[in-house]
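Single-structure report; data block below.
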Amino acid sequence: MNTTLASSSRRSAGPPLAARAKRWLYLIHRWAGIVLCLFFAMWFISGVVMMYVGYPKLTPQERLAHLPPLDPAAIAVTPAQALAAAGAKDAAGLSLVAARGGAPVYLVPAGEARRAPRVVDAASGALLPAADAATALATAQAWSGGQYGARYQGEVDEDVFTHSRALGPDRPLHRVDLDDPAGTRLYISSATGMVVLDATRLERGWNYAGAWIHWLYPFRGNALDGWWHDIVVWLSVAGVVLALTGTVIGILRWRFSRPYASGSRSPYRENMMRWHHLSGLLFAAITITWIFSGLMSMNPWKLFTSTAAPLDRAAYAGEAAGP
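Its first residue numbered 30, the sequence shown is counted upward by one per residue in the numbering used here.
Next comes the structure, spelled out in structure tokens:
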């Protein structure tokens, strides 16, 4: 009687916890893999494209190469006068460039993060207003050295190639296409009248197969824009879970002590399953760290956002500290 009751009790309790956990491990990996396999293949392939063609940006070398030479005869304003015209005292970061329509201007830092510098005309000392379409076209012509025609394509706040937060102070942006062999498109700051991004036809085309799809930019600029960050974060979390569960399963299925009857330490006889098992174990660490690093690049849950007070630049410059 007691034996019967004990046997009945074991049956009602179901399989042991370890067996249930193992079953869920297999189920999670199998169905997450079915749902996400094509997506992660796309993520991998687009990442390879990004290794060779990155998201469009203006490098310091490109910017310097296209700046017209400064004409000393056109500079009638001293740095001190430029600072006074901009209502600034701190000369740190002050620069003199021929970057706005080819004319020399002073760029005076605004003193606050995420704000564009003030622009002072080096000839008249006037504080210049926001750049209009005519200024943008003049800047584009100066950029190409007058060698190619320029076509104004309108003003844009943000498009597929200008999602970068670094461009925030420069928005809206003037978009100008050059008639050069590379099919260059220039984005010009409305705040300063300077070129802030260039993208050739080749870069724009490859970016649809690279950064645009890799960073899930189809979700930007529409009703899902507010959810874009969370979508990328949680898909990355799902990818980490998928890779981790697969690694654990791969280790559990591997015969360390003695091989299976087939002579292999992997139980899978089908070529595809066997390849998946072996390659999964071989590249497990690379895959997990690759997905995890992508997750961390999104600063999930503001893990890397500093809560410290901003530095007092005036104190560093030797001035009296602010209140």
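Just so it is clear, CB atoms sit at the ideal spot from N, CA and C, and this is done for glycine as well.
Item                                                                                                                         : Value
Simplified DSSP state of residue 238, which is helix, strand or coil                                                         : helix
Expected contact under 8 Å - CB spacing of residue 185 and residue 201 to nearest Å                                          : 6 Å
Span separating the alpha-carbon of residue 156 from that of residue 214                                                     : 28 Å
Cα-Cα separation, residue 237 to residue 244                                                                                 : 10 Å
Sequence-distant residues of its chain with Cβ nearer than 7 Å to residue 337 (five each side left out)                      : none
Residue closest to residue 150, alpha-carbon to alpha-carbon, out of 130, 143, 169                                           : 130
Cβ-based neighbour list, residue 172, same chain, cut-off 7 Å, excluding 5 preceding and 5 following                         : 95, 215, 224
The ligand ZN heavy atom lying under 6 Å from the CB of residue 301                                                          : Annotation note on the ligand ZN: not contained in the displayed structure, which lists no ligands.
Other residues of its chain near residue 82: CB distance less than 7 Å, five sequence neighbours each side excluded          : 232, 235, 236, 239
Inter-residue spacing [alpha-carbon to alpha-carbon] between residue 228 and residue 212                                     : 8 Å
One or two residues paired with residue 135 in a DSSP bridge                                                                 : 125, 149
Distance between residue 63 and residue 265 (C-alpha atoms, nearest Å)                                                       : 16 Å
Any 3 or more C-beta pairs closer than 8 Å across the region 54-71 and the region 307-315                                    : no
Spatially closest choice to residue 205 from 114, 196, 191, 168, by CA coordinates                                           : 168
Identity of the residues DSSP links to residue 225 by a beta bridge                                                          : According to DSSP, which records beta bridges pairwise, residue 225 is partnered with nothing at all.
Residue 217 classed as buried or exposed, judged by whether at least 16 other C-beta atoms fall within 10 angstroms          : buried
Host alpha helix (DSSP H) of residue 119 (start-end)                                                                         : Where residue 119 is concerned, there is no enclosing alpha helix (DSSP H), given that its DSSP letter is neither H nor E.
Nearest-angstrom Cα separation, counted from residue 277 out to residue 293                                                  : 19 Å
Residues of its chain near residue 209, where Cβ-Cβ distance is below 7 Å and the 5 sequence neighbours each way are ignored : 173, 177
Cβ-based burial, residue 77 [other Cβ within 10 Å; buried from 16]                                                           : exposed
Bounding residues of the beta strand (DSSP E) (the contiguous stretch that carries residue 217)                              : 214-218
Whole beta strand (DSSP E) elements within the region 229-309, 3-residue minimum                                             : none
For residue 189, the three-state DSSP class (helix, strand or coil)                                                          : coil
Nearest-angstrom Cα separation, counted from residue 247 out to residue 254                                                  : 9 Å
Limits of the beta strand (DSSP E) - the one that residue 87 falls within                                                    : Counting along the chain, residue 87 falls outside any beta strand (DSSP E), and DSSP gives it neither H nor E.
Cβ neighbour criterion (16 or more within 10 Å) applied to residue 320                                                       : buried
Distance between residue 291 and residue 298 (C-alpha atoms, nearest Å)                                                      : 8 Å
Burial state of residue 135, where buried means 16 or more other Cβ atoms lie within 10 Å                                    : buried
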